[in-house]
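Residue numbers (the working numbering), protein chains in the order written: chain A, -2 to 168; chain B, -2 to 168.
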C-alpha cells in the first residue's frame, strides 16, 4: 500500500509524521478533535483514499478511540465521535505538533498554535514534575493560525471555529 | 510488508502503538534513549527484522533524528546516536507511554515509570500553560520498573542502568 506524502501539508504535525512513520490514525484523531464526524468530511479534509480511511476508522472504533453513532440529523449516516480514550490523545498530538514546529519548520513559523481559551495564551506540551502545572484538556484549548499559516489553513480554522460555535449554540 | 505485533511487549508505549499505527521508528528512538547504539543491539532488543531495521535506521539518519558514526572502540562497526532533534522526541514518547499506561493497562499497573533523577519523583507529560512548570530533558530523567514490570523488563532496565553508569564513568 503506497501512502500519500504528508510532507506538503501546511501542518507541523503532518511534517513530523512524515519523519516517523505511518500515522493516518493520528491524523484522523486530529481531524476528529477539530469536530469532523462524517466519513466524507474526513475523506475531504485529510485527502485520504476511501479504502484506507475505512480501514483506519474501523480500527479506531475497534480499539475504542472512536465510537460509531447514527447521525442525529439523519440516521442513514454514521458519525465518528472521540471517546475519552481518543480525547486523551491530545498531549500526544500536541507533543508531535510542537516537535514538528521545532524541527520541520520551513522558516515561516508554526502553521497553527494551541491556545488556552480562558486566557488566549499559547500552551506547550512538556514533561513536568507531577506536582507542578495544571494539565489542560481538549475543552480548554483552541487551535489558532500561527505565523506560518497559509490562506488554506486560515480558511479551514475559520470553518472549524464556525462549526464549533454552531455546536455550542445547539448544545 | 507484514509487521510484528507490538501488543505482547511488556511496554505501555508499545501497546499504545499497536492501536495507532506503524511506529517502528519511535520504538527505535526509545531504544536509542536507553543507550542502544549498535545495529545488533536494536535488532535483539526490539525483535525487529534486519531488513526492516535497516530501512528505518537509514530513514532516521536521513531525516536527522539519528547520526551514524564509527564506533569509538572498533571503527569497523557503526553506531547510531540521537541528535538534538531525536532527543527532543522525549515528550512525544512520554505522552504515548502515559496514554498507553492509562488506556492499555492490563490491570497490573505501568511496566515502567519515568522519574526525575534529582528527586526520584515520577514525572508526567502534560499540556500546560507556558509560564508554568519547568520542562525536563533526557538528562534529567530515568526509566524505572513500574508495578506492572515483568522480570524481563526489570532485567532490561537493570542492564540499561549498568550501561548508563559505565558511560558516565567513561565520560
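Glycine included, every Cβ here is placed at the ideal spot set by N, Cα and C.
Bear in mind that the values here come from a model prediction, so they are computed numbers and not experimental data.
Please confirm whether residue i and residue j have their CB atoms less than 8 Å apart.
{"i": "residue 90 (chain B)", "j": "residue 43 (chain B)", "result": "no"}
{"i": "residue 30 (chain A)", "j": "residue 135 (chain A)", "result": "yes"}
{"i": "residue 120 (chain B)", "j": "residue 124 (chain A)", "result": "yes"}
{"i": "residue 139 (chain A)", "j": "residue 114 (chain A)", "result": "yes"}
{"i": "residue 21 (chain B)", "j": "residue 49 (chain B)", "result": "yes"}
Which residue wins for smallest C-alpha separation from residue i, given the options the options?
{"i": "residue 177 (chain B)", "options": "B:93, B:88, B:133", "result": "The displayed coordinates of chain B run from -2 to 168. Any statement about residue 177 (chain B) would go beyond what the structure contains."}
{"i": "residue 160 (chain B)", "options": "B:27, B:32, B:28", "result": "B:32"}
{"i": "residue 96 (chain A)", "options": "A:84, A:85, A:83, A:110", "result": "A:110"}
{"i": "residue 82 (chain B)", "options": "B:157, B:113, B:61, B:34", "result": "B:61"}
{"i": "residue 39 (chain B)", "options": "B:157, B:94, B:131", "result": "B:157"}
{"i": "residue 52 (chain B)", "options": "B:69, B:74, B:25", "result": "B:25"}
Is it buried or exposed for residue i, if we count other Cβ within 10 angstroms and need 16 for buried?
{"i": "residue 104 (chain A)", "result": "exposed"}
{"i": "residue 178 (chain B)", "result": "What the structure shows of chain B is the stretch from -2 to 168, and residue 178 (chain B) is not part of that stretch, so it cannot be assessed."}
{"i": "residue 65 (chain B)", "result": "exposed"}
{"i": "residue 37 (chain B)", "result": "exposed"}
{"i": "residue 27 (chain B)", "result": "buried"}
{"i": "residue 45 (chain A)", "result": "buried"}
{"i": "residue 72 (chain B)", "result": "exposed"}
{"i": "residue 122 (chain B)", "result": "buried"}
{"i": "residue 18 (chain B)", "result": "Confidence at residue 18 (chain B) is low in this model, with a pLDDT of 41, below 50, so the placement of that residue is unreliable and no value is reported for it."}
{"i": "residue 4 (chain B)", "result": "With a pLDDT of only 42 at residue 4 (chain B), under 50, the local geometry of the prediction cannot be trusted, and the value read off the model is given with reservation. The residue is exposed, with fewer than 16 neighbouring Cβ atoms inside 10 Å."}
{"i": "residue 1 (chain A)", "result": "Note that residue 1 (chain A) has pLDDT 39, beneath the 50 cutoff, so the model's placement of it is unreliable and no number is given."}
Rounded to whole angstroms, how far is the Cβ of residue i from the Cβ of residue j, which I believe are closer than 8 Å?
{"i": "residue 107 (chain A)", "j": "residue 92 (chain B)", "result": "Going by Cβ atoms, the distance from residue 107 (chain A) to residue 92 (chain B) rounds to 18 Å, so no, they are not a contact pair."}
{"i": "residue 99 (chain A)", "j": "residue 85 (chain B)", "result": "6 Å"}
{"i": "residue 142 (chain A)", "j": "residue 150 (chain A)", "result": "6 Å"}
{"i": "residue 79 (chain B)", "j": "residue 54 (chain B)", "result": "Their Cβ separation, rounded to whole angstroms, is 12 Å, which puts residue 79 (chain B) and residue 54 (chain B) out of contact at 8 Å."}
{"i": "residue 76 (chain A)", "j": "residue 35 (chain A)", "result": "6 Å"}
From the DSSP output, which residues share a beta bridge with residue i?
{"i": "residue 121 (chain A)", "result": "B:125"}
{"i": "residue 111 (chain A)", "result": "A:140"}
{"i": "residue 79 (chain A)", "result": "A:63"}
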